[in-house]
Amino acid sequence: MTPSAPVLREQMLSLVPAGFRLEFALQTDQAYHQALLDDAHYVFIAGSRLSRYLIEHASQLKMIQKWGIGVDKIDVQAAKEQGIPIYITSGANAQQVAEHTVMLMLATLRKLTFAQKAMRAQQWVNAELRTTCMQLTGKTVGLYGFGNIAQQVAKQLMGFDVDLMYHSRQRASPELERKYRARYVDVPTLFAQSDVLSLHAPYKSETFEVINRHSLAQMKPTAVLINTARGELINDADLVEALKNEQLFGAGIDVFIEEPPPVDHPFFALDNVVMTPHSGASVKEVVDRVIEHGFRNIRLFDAGLALDPMDRIV
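To convert, count from 1 in the sequence shown and add 17; that's my numbering.
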């Protein structure tokens, strides 16, 4: 359903299970997707939107398989009403997104955007960086959400000797808290005490724009915000205002409300924002694993066999 690079299409074709025919979406408009879904029994979807209209008109669709874990672009309620189950590739890319998250922490604290811009302009800003950059070691890191990705972030941060705290709808077990040296706190404490606040919650009504003027005002002016979850968790205008007014040290952003973001998005003009193109899981080592995971779910479902319950959304 999602237009992809030729090399990715080749990988998927090489891994498609026997007896299945794979067709690729080469456009993004709804009419084209509807025609593509007319004969589809299964859909393997990444970043495209699967609307109620498309789901209701896909008369032969048996199951929806999501590339990754985020289902905010799928009309889950419509799928539920039509009796079409949705599966994800749970845990398939958690380590990679976590690695990307830590990279954004370091890049933002070390003012990578500013340093790169200066270097390309033949400016040697060593002295300025020496007096304005910050280290990650020893900082208080807050995780908003504590699922697979956040737990991998916690694991990777152990070498930095951080003070780790988290907030999640459900508190983790004492065993997990000890394993990752993480302490549970409420949301106001998370925002107020974090030197680095990293978002790891799904996009739902209760998490929509959880980062806004009010929550940003609770944060330290030396704090860093990282988002590798979903763009909808942040009110961009409020974040831009905080960054411009030095109410926040910087932000590392991998996900956006509109992808790609418009060319006039104010993030592009800010030296204290590090941006990446929703590429947290975009490493060659993980692609085959996600494809195999998704195709395995489809093959098992088609054969009437049990799937991992952690992969089931509805």
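Glycine residues also receive a C-beta, built at the ideal position from the N, C-alpha and C atoms.
Since we're looking at a predicted model, the values are computed, not measured.
From the options, residue whose alpha carbon lies closest to that of residue i
{"i": "S65", "options": "H74, H58, I81, S76", "result": "I81"}
{"i": "P102", "options": "Q140, F61, A22, G108", "result": "F61"}
{"i": "Q133", "options": "L207, V291, E258", "result": "V291"}
{"i": "L174", "options": "S190, L121, T206, V204", "result": "L121"}
{"i": "G85", "options": "V179, Q113, I251, A240", "result": "Q113"}
{"i": "N14", "options": "G36, N244, A96, A167", "result": "Outside the displayed span of the chain (18 to 331) sits residue 14, for which this structure offers no information."}
{"i": "R247", "options": "A209, L233, T293", "result": "T293"}
{"i": "S211", "options": "Q235, E223, F225", "result": "Q235"}
{"i": "T157", "options": "P279, L242, L146, I308", "result": "L242"}
{"i": "L123", "options": "R198, A95, T148, Q152", "result": "Q152"}
{"i": "T45", "options": "F266, A268, E276, Y201", "result": "E276"}
{"i": "G162", "options": "V202, D180, M29", "result": "V202"}
{"i": "T245", "options": "G100, S107, H117, F37", "result": "H117"}
{"i": "G297", "options": "I270, G321, P278, D55", "result": "I270"}
Sheet register partners of residue i (DSSP bridge)
{"i": "Y104", "result": "Q82, R329"}
{"i": "H184", "result": "Y161"}
{"i": "R200", "result": "M182"}
{"i": "S215", "result": "L160, I243"}
{"i": "V60", "result": "I81"}
{"i": "A268", "result": "L242, V290"}
{"i": "I251", "result": "I228"}
{"i": "L67", "result": "I91"}
Endpoints, the beta strand (DSSP E) within which residue i is located
{"i": "N262", "result": "No beta strand (DSSP E) holds N262; DSSP gives it neither H nor E."}
{"i": "V241", "result": "241-244"}
{"i": "M151", "result": "Neither: M151 is in no beta strand (DSSP E) and is coded neither H nor E."}
Residue i, enclosing alpha helix (DSSP H) - first and last residue
{"i": "Y220", "result": "Taken as a continuous stretch (DSSP letters only), Y220 belongs to no alpha helix (DSSP H), as it is neither H nor E."}
{"i": "M136", "result": "129-137"}
{"i": "S31", "result": "23-32"}
{"i": "E309", "result": "301-319"}
{"i": "H231", "result": "230-235"}
{"i": "H282", "result": "First-last for H282: undefined, no H or E at that position."}
{"i": "L126", "result": "111-126"}
{"i": "A35", "result": "No alpha helix (DSSP H) contains A35, which DSSP labels as neither H nor E."}
{"i": "A52", "result": "47-54"}
Same chain, Cβ closer than 6 Å to residue i, neighbours up to 5 away in sequence not counted
{"i": "K90", "result": "R66"}
{"i": "F273", "result": "G248"}
{"i": "N289", "result": "L260, G267"}
{"i": "V300", "result": "Q113"}
{"i": "Y220", "result": "D89, R247, E249"}
Sequence-distant residues of the same chain with beta carbon closer than 7 Å to residue i, five excluded per side
{"i": "D92", "result": "L67, S68, R69, I72"}
{"i": "A115", "result": "I166, Q169, V170, Q173"}
{"i": "A95", "result": "R69, I72, E73"}
{"i": "L39", "result": "M29, L30, V33"}
Spatial neighbours of residue i in its chain, beta-carbon cut-off 8 Å, leaving aside the 5 residues before and after
{"i": "I330", "result": "K83, V88, V93, P102, I103, Y104, I105"}
{"i": "F208", "result": "G159, L214, S232, Q235, M236"}
{"i": "A22", "result": "none"}
{"i": "L324", "result": "Y104, N314, L317, F318"}
{"i": "A7", "result": "As displayed, the chain neither begins before 18 nor continues past 331, which places residue 7 out of reach and without an answer."}
Original post:
If you pair each beta-carbon of the region 181-195 with each one of the region 136-156, do three or more pairs fall below 8 Å?
Top reply: no
**OP:** Check whether the region 247-256 touches the region 221-232, counting contact only when three or more Cβ pairs, one atom from each stretch, lie closer than 8 Å.
**Re:** yes
Original post:
Does the region 116-130 come close enough to the region 178-187 that 3 or more CB-CB pairs lie under 8 Å?
Top reply: no
Original post:
Quick check: the region 302-316 against the region 278-291, are there 3 or more CB pairs under 8 Å?
Top reply: no
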